[in-house]
Amino acid sequence: MTKPVYDTHYQEQHYFGNPYPGLVAFFEAYEPKGHVLDLGCGQGRDSLSLGRLRYTVTGVDMSTVGLDQMNQVARDEQLNVTGKVGDVYTYPVGAEHDIVLLDSMLHFYKRNVEGETNLVQRIAAELKNGGVLAIFMMQGQKREAYLKRVLDETENEWEVLADRYTDYPEFNAHYHMYIVKKKQLSVR
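Just so it is clear: in the sequence shown, position 173 is 1006 by this note's numbering, and no numbers are missing.
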């Protein structure tokens, strides 16, 4: 197995900075505080923030360097946050997961459109009724429309909880927050 590229990046603590203000504000207000599956958690900037907000968090990533850093902070602060080595494309969404978080995991660029589409479809199928899918991705009309189309084409009905933008001050960028709740299986 090759060393994940992010192992090198994560030699620098807090490589990606702080969580988006919009992410923190949404989850601070959201009730109930449940179990979050953070796919692609990296060093845990989101997982740790959610743990501090009293969520239980399982973070999954290929980078043992990032996970070790996150797990150490979680232990030091006595947070209910656990990092696990795993492939975000195959890691199962279990019945215990109330929220699935994808932060910067989706780009819908040519080279991996199929893989990312399959990821969203798989999560939509595995997420329990009443479960929340929280997606944060770089602002872009085409990719935002594509994501919504992928979700609309699943066998599910979705309640939109958030469809807005948040700043990413560290990188002078804007990210789209698309947070939906799985209502029920549709009869199509």
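Glycine residues also receive a C-beta, built at the ideal position from the N, C-alpha and C atoms. Computed from a predicted model, the values in this text were never measured in an experiment.
| Query | Result |
| --- | --- |
| Cβ shell of residue 905 (< 7 Å), same chain only, five flanking positions each side left out | none |
| Secondary structure of residue 998, DSSP reduced to three states | strand |
| Segment contact, 8 Å Cβ cut-off, at least three pairs: the segment 877-894 with the segment 939-958 | no |
| Boundaries (first-last residue) of the beta strand (DSSP E) holding residue 926 | First-last for residue 926: undefined, no H or E at that position. |
| Sequence ranges, beta strand (DSSP E) only - wholly within the segment 935-987, length at least 3 | 965-971 |
| Contacting residues, own chain, Cβ-Cβ under 7 Å from residue 938 (five flanking each side not counted) | 872, 873, 921 |
| Close Cβ partners of residue 834 (< 8 Å) along its chain, the five nearest in sequence each way excluded | Bear in mind that a pLDDT of 47 at residue 834, under 50, signals an unreliable position, so the model cannot answer this. |
| Other residues of its chain near residue 970: CB distance less than 6 Å, five sequence neighbours each side excluded | 939, 1009 |
| Alpha-carbon spacing of residue 980 relative to residue 1006, whole angstroms | 19 Å |
| Bridge partners - residue 916, DSSP secondary structure assignment | 892 |
| Pairwise C-alpha distance: residue 891 and residue 868 | 8 Å |
| For residue 872, three-class secondary structure by DSSP | strand |
| As assigned by DSSP and simplified to three states, the class of residue 851 | coil |
| C-beta atoms of residue 954 and residue 993 nearer than 8 Å | no |
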